[in-house]
Amino acid sequence: MPQKKEDTYRRAYDQLCAYMDEHKMRHTPERFNILSSVCMLQRFSVEDLRESLTELLISRATVYNTIELFEKAGIIRHIEKEHGVRAGQYELAWLRSSSIHIICQHCGRVREVKDPTFSRILEDKRLTNFMLERYSLYLYGHCKVCKKKSKLITK
Ligand SMILES: [Zn+2]
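The numbers in the numbering used here rise by one with no breaks, and the one at position 98 of the sequence shown is 84.
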C-alpha cells in the first residue's frame, strides 16, 4: 500500500535527524529542503532533483553531498542500471523492498510496476541453500513516448 506523502517525509525526517545526531552533523535548512523534494519525487536523477530546487539556490556540490548523506543514512538507494541507461537514478529506500522496474533504454525513464501474481511466484520459489529476502527485477525496453517518436522519425 503506498504511503502518504506526509508520512514519507516524517519517516525520512526522523531517519535523517537520527543519522545527523549520531554523526554530530548540523541540521542545515538546505538538507531539509532537499529531503522534502526527494520525498515528493520518490524516484529521481540528480538532474530531476536539481530542477525541483531551482528557486532555492542550492549549489550542485551541496546536492551531490546531500544525496551521499541520504544514501548513507539509508533514506535513498541507487537504482542499479545496465547498458548505459541514463546515469544515476535514486529512489526512496523503503519504496518497496521487492520490486519490478521497467526502464526505457532510450530516455532512461524508470517506472515501478506491480504484478501480484508474478511476485507470489518469486516469493514462493524454493531455492536450494538460499533464503530469498527481497528481489529487484529490471525490464528493459522502450516507453510509449519514445516508441511514438521513433515512428515519426522513420516515416
Ligand atoms: Zn523513453
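Glycine residues also receive a C-beta, built at the ideal position from the N, C-alpha and C atoms.
Excluding the 5 residues flanking THR(-6) on each side, which residues of the same chain have their C-beta closer than 8 Å to its C-beta? For the purposes of this step, residue -6 is taken as the residue at position 8 of the sequence shown. Result list for THR(-6): CYS25, GLN28 and LEU78, in chain order.
Assuming LYS25 is part of the beta strand (DSSP E), what are its boundary residues? Numbered from its first residue, the sequence shown carries residue 25 at position 39. The amino acid at residue 25 is misidentified as Lys; the sequence shows Cys. Where CYS25 is concerned, there is no enclosing beta strand (DSSP E), although the alpha helix (DSSP H) it sits in stretches over 15 to 27.
Burial state of ILE107, where buried means 16 or more other Cβ atoms lie within 10 Å: As a first step, residue 107 is located in the sequence shown; it is residue number 121 there, counting from the start. The residue is exposed, with fewer than 16 neighbouring Cβ atoms inside 10 Å.
From TYR5 to GLU57, what does the alpha carbon distance come to, in whole angstroms? What you label residue 5 is simply residue 19 of the sequence shown in a count that begins at 1. What you label residue 57 is simply residue 71 of the sequence shown in a count that begins at 1. For TYR5 and GLU57, the distance between alpha carbons rounds to 11 Å.
For SER136, the three-state DSSP class (helix, strand or coil): If you number the sequence shown from 1, residue 136 lands on position 150. The three-state reading of DSSP puts SER136 in helix, counting H, G and I together.
Burial state of ALA59, where buried means 16 or more other Cβ atoms lie within 10 Å: Here residue 59 refers to the residue found at position 73 of the sequence shown. Counting the other Cβ atoms within 10 Å of the Cβ of ALA59 gives 16 or more, which makes it buried.
I need the straight-line Cα distance from LYS137 to CYS93, nearest angstrom please. Working through the sequence shown from its first residue, we reach residue 137 at position 151. Working through the sequence shown from its first residue, we reach residue 93 at position 107. A straight line joining the alpha-carbon of LYS137 with that of CYS93 spans about 15 Å.
Residues near ligand 1, criterion Cβ-heavy atom distance below 7 Å: So the residues near ligand 1 by this Cβ test are CYS90, HIS92, CYS93, ARG95, HIS128, CYS129, VAL131 and CYS132.
Just the Cα atoms here: how many angstroms apart are GLU98 and GLU8? Start at 1 with the first residue of the sequence shown, and residue 98 comes out as number 112. Start at 1 with the first residue of the sequence shown, and residue 8 comes out as number 22. Distance between the alpha carbons of GLU98 and GLU8 is about 33 Å.
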